[in-house]
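Worksheet: the structure to be examined is printed underneath.
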Amino acid sequence: MGWGLLANLPLGRGCPYIPRMSQEVHALPAFYTSPPGEAARWVLAPALSGFWPELRGMEVAAIGWGQPYLPLWQAEAARCLALVPEPVAEGVAPPAAVMPELNLPLPDLSLDRILLIHALEHVERPDALLRECWRVLRENGRLLVVVPNRLGWWSLTDHTPFGQGRPYSRGQIKRLLRSRLFTVERRENALYVPPFSSRWALAGTRLWEGAGRRLFPRFGGVILAEARKEVLGGLPTGTVPKRRVVEMPV
1 MGWGLLANLP LGRGCPYIPR MSQEVHALPA FYTSPPGEAA RWVLAPALSG
51 FWPELRGMEV AAIGWGQPYL PLWQAEAARC LALVPEPVAE GVAPPAAVMP
101 ELNLPLPDLS LDRILLIHAL EHVERPDALL RECWRVLREN GRLLVVVPNR
151 LGWWSLTDHT PFGQGRPYSR GQIKRLLRSR LFTVERRENA LYVPPFSSRW
201 ALAGTRLWEG AGRRLFPRFG GVILAEARKE VLGGLPTGTV PKRRVVEMPV
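Going by the UniProt record's numbering, the residue at position 72 of the sequence shown is 72; the numbering climbs one at a time, nothing skipped.
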């Protein structure tokens, strides 16, 4: 798996994007036009905005499949980027550059905020991806991770992307982030509505979310964790060198 890089295509003001898909997440664009995908976006968009209500003038990136959520910040951020694993799906334009696996095509200390969504559960080396996030974040940078909750309904059904790949518990995601020199400062669960396939069944999403937070707070479909980059402990083990090889297609 690599990272596809296309020419700057607008995702709103100041937001070029890189619309590439890995094999595991090839159905994500279709998912977000389906009833459960629309419900997921309806729930997660305000939750993400609650973590980061204002990112004025900041450099922001979404890694995984963050296109549905970057518009939350595109009007005020200095720049928004969407980075997605290199595609294997047919019918998608070839990338202008192919990066080595899990080497983000960004310089050191270049970002203020990173949103990781539909990412850690799909990559073979989540520790290596987090290492790269640590490298490109500035000293006061923050990471917002969204992963399927091992205890939630969404991780138990395979007809949505949250039911594919590797789910996490709250303790597992905290330990993984700590091992890559990130300190978790805030965690929440969300997406208590079951992954129904009909819009009629999802009409009660607001009620599901309210009841779930009150009665079953640990059983939300996803875990959201905000973490701060630690700089006093040195570099994470296996930090990649600054020099990188870029392969250009003929």
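Even glycine gets a Cβ: it sits at the ideal position worked out from N, Cα and C. None of these values were measured; they are calculated from a predicted model.
Exercise for the section: Check whether the Cβ atoms of Leu106 and Arg180 sit closer than 9 angstroms, and answer yes or no. Expected result: If you check the CB distance, Leu106 and Arg180 do not come in under 9 angstroms.
Practice task
Answer with buried or exposed for Ala30, where buried requires no fewer than 16 other C-beta atoms within 10 angstroms of its C-beta.
Solution key: exposed
Practice task
State the Cα-Cα distance for the pair Pro36 and Leu232, rounded to the nearest angstrom.
Solution key: 42 angstroms
Problem - For Gly220 and Ala190, the rounded distance between their alpha carbons - result: The straight-line gap from Cα to Cα measures roughly 5 angstroms.
Problem - Contact check, Glu139 vs Lys229, beta carbons under 9 angstroms - result: yes
Problem - Of the residues Leu44, Trp154 and Ala75, the one placed nearest Tyr69, counting alpha carbons only - result: Leu44
Practice task
Could you pull out every residue in the same chain whose Cβ sits closer than 7 angstroms to the Cβ of Gly57, ignoring the five residues on either side in sequence?
Solution key: Non-local beta-carbon contacts of Gly57 in its own chain, meaning distances under 7 angstroms to residues more than five positions away in sequence, involve Ala78 in chain order.
Exercise for the section: Apply the 10 Å Cβ neighbour rule to Phe182 and answer buried if 16 or more other Cβ atoms are within range, or exposed otherwise. Expected result: buried
Exercise for the section: Along the beta strand (DSSP E) that carries Gly141, what are the first and last residues, could you check? Expected result: Leu137 to Pro148
Exercise for the section: Could you tell me whether the Cβ atoms of Cys133 and Leu104 are closer together than 9 angstroms? Expected result: Yes.
Practice task
Mark Pro161 as exposed unless 16 or more other C-beta atoms lie within 10 angstroms of its C-beta, in which case mark it buried.
Solution key: By the 10 Å Cβ count, Pro161 comes out buried.
Exercise for the section: Determine the contact status of His118 and Gly64, defining contact as a CB-CB distance below 9 angstroms. Expected result: Yes, Cβ-Cβ distance for His118 and Gly64 is below 9 angstroms.
Handout entry: Limits of the beta strand (DSSP E) - the one that Thr183 falls within
Key = Residue range Phe182 to Ala190 is occupied by the beta strand (DSSP E) that includes Thr183.
Handout entry: Local conformation of Gly64 per DSSP, three classes
Key = strand
Practice task
Using alpha carbons as the reference points, say which of Asp112, Glu76, Ser49 and Ser169 lies closest to Leu120.
Solution key: Ser169
Handout entry: Buried/exposed call for Asp112, threshold 16 Cβ in 10 Å
Key = That one is buried.
Practice task
Please name the residue, chosen from Val222, Glu76 and Glu59, that lies closest to Ser110 on a Cα-to-Cα basis.
Solution key: Glu59
Handout entry: Residues that Val222 bridges to, as DSSP identifies them
Key = Pro148 and Ala190
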